[in-house]
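Participant:
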Amino acid sequence: GQQVMQIPQYQHVQEGEDFTTYCNSSTTLSNIQWYKQRPGGHPVFLIQLVKSGEVKKQKRLTFQFGEAKKNSSLHITATQTTDVGTYFCAGPSSGYSTLTFGKGTMLLVSP
Amino acid sequence: EPEVTQTPSHQVTQMGQEVILRCVPISNHLYFYWYRQILGQKVEFLVSFYNNEISEKSEIFDDQFSVERPDGSNFTLKIRSTKLEDSAMYFCAGSNSWTGLGEKLFFGSGTQLSVL
Chain A
1 GQQVMQIPQY QHVQEGEDFT TYCNSSTTLS NIQWYKQRPG GHPVFLIQLV
51 KSGEVKKQKR LTFQFGEAKK NSSLHITATQ TTDVGTYFCA GPSSGYSTLT
101 FGKGTMLLVS P
Chain B
112 EPEVTQTPSH QVTQMGQEVI LRCVPISNHL YFYWYRQILG QKVEFLVSFY
162 NNEISEKSEI FDDQFSVERP DGSNFTLKIR STKLEDSAMY FCAGSNSWTG
212 LGEKLFFGSG TQLSVL
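Taken in sequence, the protein lines are chains A and B.
So in our numbering, spot 110 of the first sequence is number 110, and the numbers just go up one at a time.
Remember, our numbering sits 111 above the position in the second sequence when you count from 1.
1. Under DSSP, the beta strand (DSSP E) around B/Glu196 begins and ends at which residues?
2. Anything in chain A within Cβ reach of B/Glu167, meaning under 9 Å, just list it in chain order.
3. Among B/Asn139, B/Ser138 and B/Ser120, which residue has its Cα nearest to the Cα of B/Ile131?
4. Report the CB separation of B/Tyr146 from B/Leu157 in whole angstroms; it is logged as a contact under 8 Å.
5. Please decide whether A/Pro43 counts as near chain B, where near means a Cβ-Cβ distance under 9 Å.
6. So, with DSSP's three-state summary, where would you put B/Leu212?
7. Opposite A/Pro92 in the DSSP bridges: which residues?
8. For B/Phe235, which residues does DSSP report across the bridge?
9. In the DSSP assignment, find the beta strand (DSSP E) that holds B/Glu167 and state where it starts and stops.
10. What does a CB cutoff of less than 6 Å around A/Ser25 pick up in its chain, not counting 5 residues either side in sequence?
Okay, here's the thing in structure tokens:
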């Protein structure tokens, strides 16, 4: 079945440093979604990417969808302590009603 | 912003007991899901539900699991005879259309199930 892999599993940065997490799918994706889960919380939708090569920005967050639509990345510029959490990418599974989530990248930010 | 409400927030049960996890989705959503997350691991799909029917289910969703929308507002997940490996955080989610087609998921705050 489809697999969605994310690296790194974990990253600890100093506040102000940049952070990037990478997501790779074993199959071509029609779209990819990113979610953030704060410690002890639930996943919250951040963004969806649909087009090949698409780049979207949300303040300090930049999301990219690869040309082949099999990989994606999330880059955070100048991290803040409020960025702490686990970032998941998710892509449609073989069925139409499900998302396959990556294992997530846990981000810790030290002040 | 509307929220998905889940109760209870924590449930402790003995192995072999039945549990029912409850969810009240956002009122205008028609597509519902249950996902689970074992501590520190990824979010795993269990089942999707639309028009009072299961649309898809994963291998995890075996005969011990069932879902129901008994009264048009609540959406429940029942585990008939719990096993130790059922211990996890269970998330209810909803969407405006099928998430596999690009609709975002709205997750509830989850029920932490502990099977002893």
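In this text, a Cβ means the ideal position worked out from N, Cα and C, and glycines have one as well.
Facilitator: Straight from the coordinates:
1. No beta strand (DSSP E) holds B/Glu196; DSSP gives it neither H nor E.
2. Ser93, Gly95, Tyr96, Ser97 and Thr98
3. For the residues B/Asn139, B/Ser138 and B/Ser120, the minimum Cα distance to B/Ile131 belongs to B/Ser120.
4. That pair is a contact at about 6 Å.
5. yes
6. helix
7. A/Leu99
8. The structure shown does not extend to residue 235 of chain B, since chain B is modelled only from 112 to 227, so the question has no answer here.
9. Glu164 to Lys168
10. Val4, Lys70 and Gly91
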